[in-house]
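A.B. asks: First the structure, which I've put down as structure tokens, then a few questions once you've had a look.
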């Protein structure tokens, strides 16, 4: 009987699987590592010709400058508001739309789904001016809630379709059973569907959060007051035409990435299951 | 349950409406000298009634250090004008034009806006700024303003009125790492372009990862190429007396061949996509011995080298005809937009920035040339060797100033849309320098003819 892991098999696995994956991982992780290391170096070491893979002089001055002087503390709060508001609205509305698309049959359902898909083809930059005029007319310029609305608007189609997939994966007979036992439809949704939908909600929330956190174009166009810039604009603002402070920029980038990392470390167990569950059934 | 859902939906709709109208959301206080006032267009106008006028001001090239300089200037201005408050907004330079364009289309331009020469004609040509001639005529410092700069400013609009008030002038120079030059046995500025190419070759040592020069092959590459072409040939006009574009002159083709031939040989291969950040990093880290940029990067190099004796700003080499061709149009300045309800107050800030006090502080801080000649008498001018270089060079008898055609509204977009990728094609060998210059001449000729037909 052959041993499961012969030397030849180990060699083949290493060459064709592990090595390419390791290389891929290196290319993905190295820029992140470099950013983190740069954020702890003083400016003179960053621009020095001698490459240092670890800081020769460790400093937290870049973080201090970025947070206090450049205004990252303000930008961070603004981004949190936009992301939190956006995720809440996106998840709520996507669940409702996804449920309707999954469970209900109504005239124009196919056309509606097609329209939802077609909205993804429109480049968002095309809509800047008309949306700017709309927000100006309703007095929402320089208002972070405008960005919550914009992000919600652009994220609902994709997340609704995603949610439709997750909800379709939940057997309707469970809801029926709950309704037979006396629950209303809404009660069945809240008590039966929601608990089973957790992976889907987490996946949708994660996508929504990343989009809202990183969104630059609308934030830059609709906000004209410096204290209301989110992180995405704040980072760009640090790249001047004649001067770039790489240390502070790296510190700012790390500040921007940390909440996303923390979020993903908590939700990762739901995320993988959620994405695959939604993808297969539809 | 249905009632509860309906109530919840109605409540959320009401909350949404409550979010409209006025500035709600995160009320953070900025650690700046600005105020977070409401919409400036609802502020009352009259000065002398004691009411505070708030003006919005957009800075087109913000960065943490430049913003600090503006904060100081704004503090000084507000101290002298207690009834005027300036609300500062810093824009990333790469996106400033698109922000302005969106604001113009929606009618939400600021009161005062910082404008860069490369797209000044694009903004001014849309008739969104107010002419400042009346205010300028009554200004007591107008005779101190650099005449060349004021002429360039008036050229941004075909009617010749003053829509743009310059605050700073620049000078394109060769930043050199003097230590690397000494090690290679070279001294002083290359006086001819042949010497320049020799310098590039001599300073290159690939074993030591050292290159003589760094070519800007990424964003904004055309501007440097144009300066070099005319600097080499000695021609001083992008269009000759018959209105024919001179950019594809045989002397320019000859130069472009030699210049792009250096790519990969005496310049890093990464230059093909190198923008400002990359070429500055090449120079500041000591990889490349020479860099072409304007005076504005002085503070960057001071930070990188820590010792001002290790680098210097040299003027470009002389032309084939022995003359020095200087690009006279690299101005930055301010415009007052038509949406401003208080143009008199706006002019006060604009004239403060162009006046001796503001102009001196601003240009001393950013290391560029003042446009107010009174500032040239100040002591700090003597302490800035790169500005001394610029002044000495431009005051020479054989210095001829030429202007890039930035008054043509399409000039900037021709460069960014067609010429930047074409330059990369030349660097990668897919296109010849002659094809590039002929294509460029074609676009410019069309733009020039259209402009002169319609104006």
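Chains as they are written, first to last, in the numbering used here: chain A, 843 to 1124; chain V, 64 to 518. All C-beta atoms in this analysis are idealised placements derived from N, C-alpha and C, irrespective of residue type, glycine included.
Listing by chain order, which chain V residues have their CB less than 9 Å from the CB of residue 912 (chain A)?
C.D. replies: Simply 127, 130.
A.B. asks: Going along chain V, which residues have a C-beta under 9 Å from residue 962 (chain A)?
C.D. replies: Per Cβ cutoff of 9 Å: no residues; residue 962 (chain A) is ~23 Å from chain V at best.
A.B. asks: Could you tell me whether the Cβ of residue 367 (chain V) comes closer than 8 Å to any Cβ of chain A?
C.D. replies: Yes, residue 367 (chain V) counts as interfacial toward chain A.
A.B. asks: According to DSSP, simplified to helix, strand and coil, what is residue 513 (chain V)?
C.D. replies: Reduced to three states, the DSSP call for residue 513 (chain V) is helix.
A.B. asks: With DSSP run on the structure shown, which of helix, strand or coil describes residue 121 (chain V)?
C.D. replies: Strand at residue 121 (chain V).
A.B. asks: If I follow the unbroken alpha helix (DSSP H) through residue 151 (chain V), where does it start and stop?
C.D. replies: Unbroken run through residue 151 (chain V) is the beta strand (DSSP E), 147-153; no alpha helix (DSSP H).
A.B. asks: Are the region 260-268 of chain V and the region 216-226 of chain V touching by the rule of at least three beta carbon pairs closer than 8 Å?
C.D. replies: With the cut-off at 8 Å, the region 260-268 of chain V and the region 216-226 of chain V do not touch.
A.B. asks: Could you please tell me which residues of the region 1029-1041 of chain A, in chain order, have their CB closer than 9 Å to any CB of chain V?
C.D. replies: For the region 1029-1041 of chain A, which is checked against every Cβ of chain V, the residues closer than 9 Å are 1029.
A.B. asks: With a threshold of 8 Å between beta-carbons, can residue 168 (chain V) be considered close to chain A, or not?
C.D. replies: So yes, residue 168 (chain V) belongs to the interface.
A.B. asks: Does DSSP put residue 371 (chain V) in a helix, a strand or coil?
C.D. replies: DSSP places residue 371 (chain V) in helix when its eight states are reduced to three.
A.B. asks: Work out the CA separation of residue 926 (chain A) and residue 1047 (chain A) for me, nearest whole Å.
C.D. replies: Those two C-alpha atoms are separated by around 10 Å.
A.B. asks: Give the range of the alpha helix (DSSP H) segment to which residue 315 (chain V) is assigned.
C.D. replies: 313-324 is the span of the alpha helix (DSSP H), which, as asked, contains residue 315 (chain V).
A.B. asks: What span of residues does the alpha helix (DSSP H) with residue 444 (chain V) cover, start to end?
C.D. replies: Residue 444 (chain V) -> alpha helix (DSSP H) spans 442-445.
A.B. asks: Which of helix, strand or coil does DSSP assign to residue 897 (chain A)?
C.D. replies: Three-state result, residue 897 (chain A): coil.
A.B. asks: Quick one: any contact between the region 248-259 of chain V and the region 377-388 of chain V, if contact means 3 or more CB pairs under 8 Å?
C.D. replies: Yes: the two stretches touch, three or more of their Cβ pairs being nearer than 8 Å.
A.B. asks: Would residue 490 (chain V) be called buried (16 or more neighbouring beta carbons within 10 Å of its own) or exposed?
C.D. replies: Result: buried.
A.B. asks: Do residue 325 (chain V) and residue 263 (chain V) have their C-beta atoms within less than 8 Å of each other?
C.D. replies: Against a cut-off of 8 Å, the Cβ pair of residue 263 (chain V) and residue 325 (chain V) comes out as a contact.
A.B. asks: Under 7 Å Cβ to Cβ from residue 323 (chain V), same chain only, skipping five residues before and after it: list those, please.
C.D. replies: Contacts found: 489, 490, 496.
A.B. asks: For the region 883-902 of chain A, enumerate the residues whose C-beta is nearer than 8 Å to any C-beta of chain V, in chain order.
C.D. replies: Per Cβ criterion, the list reads 885, 886, 889, 890, 891.
A.B. asks: Quick one: is residue 105 (chain V) buried, meaning 16 or more other Cβ sit within 10 Å of its Cβ, or exposed?
C.D. replies: Note that residue 105 (chain V) scores 40 on pLDDT, short of 50, meaning its location in the model is unreliable; the coordinates nonetheless yield the value given after this. Classification of residue 105 (chain V): exposed, given that the 10 Å Cβ count is below 16.
A.B. asks: In whole angstroms, what separates the C-alpha of residue 1003 (chain A) from that of residue 1074 (chain A)?
C.D. replies: Distance between the alpha carbons of residue 1003 (chain A) and residue 1074 (chain A): 27 Å.
A.B. asks: Going by alpha carbons, who is nearest to residue 513 (chain V) out of V:472, V:481, V:329, V:503?
C.D. replies: When only C-alpha atoms are compared, the closest one is V:472.
A.B. asks: Just to check my reading of the structure: residue 895 (chain A) and residue 879 (chain A) have Cβ atoms closer than 8 Å, yes? What is that Cβ distance to the nearest angstrom?
C.D. replies: With 8 Å as the limit, residue 895 (chain A) and residue 879 (chain A) qualify as a contact, their Cβ atoms being about 7 Å apart.
A.B. asks: Pairing CB atoms from the region 166-182 of chain V with CB atoms from the region 396-410 of chain V, are three or more of them under 8 Å?
C.D. replies: Yes: at least three Cβ pairs fall under 8 Å.
A.B. asks: Using a Cβ-Cβ cutoff of less than 6 Å, which residues in the same chain neighbour residue 1077 (chain A) once the five nearest sequence positions on both sides are dropped?
C.D. replies: Once the five neighbours on either side are set aside, the close Cβ partners of residue 1077 (chain A) are 1094.
A.B. asks: Whole angstroms is fine: what's the gap from residue 1008 (chain A)'s alpha carbon to residue 870 (chain A)'s?
C.D. replies: The alpha-carbon atoms of residue 1008 (chain A) and residue 870 (chain A) are separated by roughly 30 Å.
A.B. asks: Quick one: what does DSSP say residue 924 (chain A) is sitting in, helix, strand or coil?
C.D. replies: Looking at residue 924 (chain A) - three-state DSSP - the assignment turns out to be helix.
A.B. asks: Under a CB-based cut-off of 8 Å, is residue 379 (chain V) close to chain A?
C.D. replies: Cβ-Cβ to chain A under 8 Å: no for residue 379 (chain V).
A.B. asks: Where do the ends of the beta strand (DSSP E) carrying residue 232 (chain V) lie?
C.D. replies: Start and end: 228-232.
A.B. asks: Any chance you could list the alpha helix (DSSP H) runs of at least 4 consecutive residues sitting entirely within the region 918-980 of chain A, in chain order?
C.D. replies: If we require 4 residues or more, the alpha helix (DSSP H) runs fully inside the region 918-980 of chain A come out as 951-960, 970-979.
A.B. asks: To the nearest angstrom, how far is the alpha carbon of residue 1067 (chain A) from that of residue 422 (chain V)?
C.D. replies: Distance between the alpha carbons of residue 1067 (chain A) and residue 422 (chain V) is about 25 Å.
A.B. asks: Spatial neighbours of residue 83 (chain V) within its chain, please: C-beta separation below 8 Å, excluding the five flanking residues on both sides.
C.D. replies: Confidence at residue 83 (chain V) is low in this model, with a pLDDT of 40, below 50, so its placement is unreliable and the value that follows should be read with caution. So no residue of the chain qualifies.
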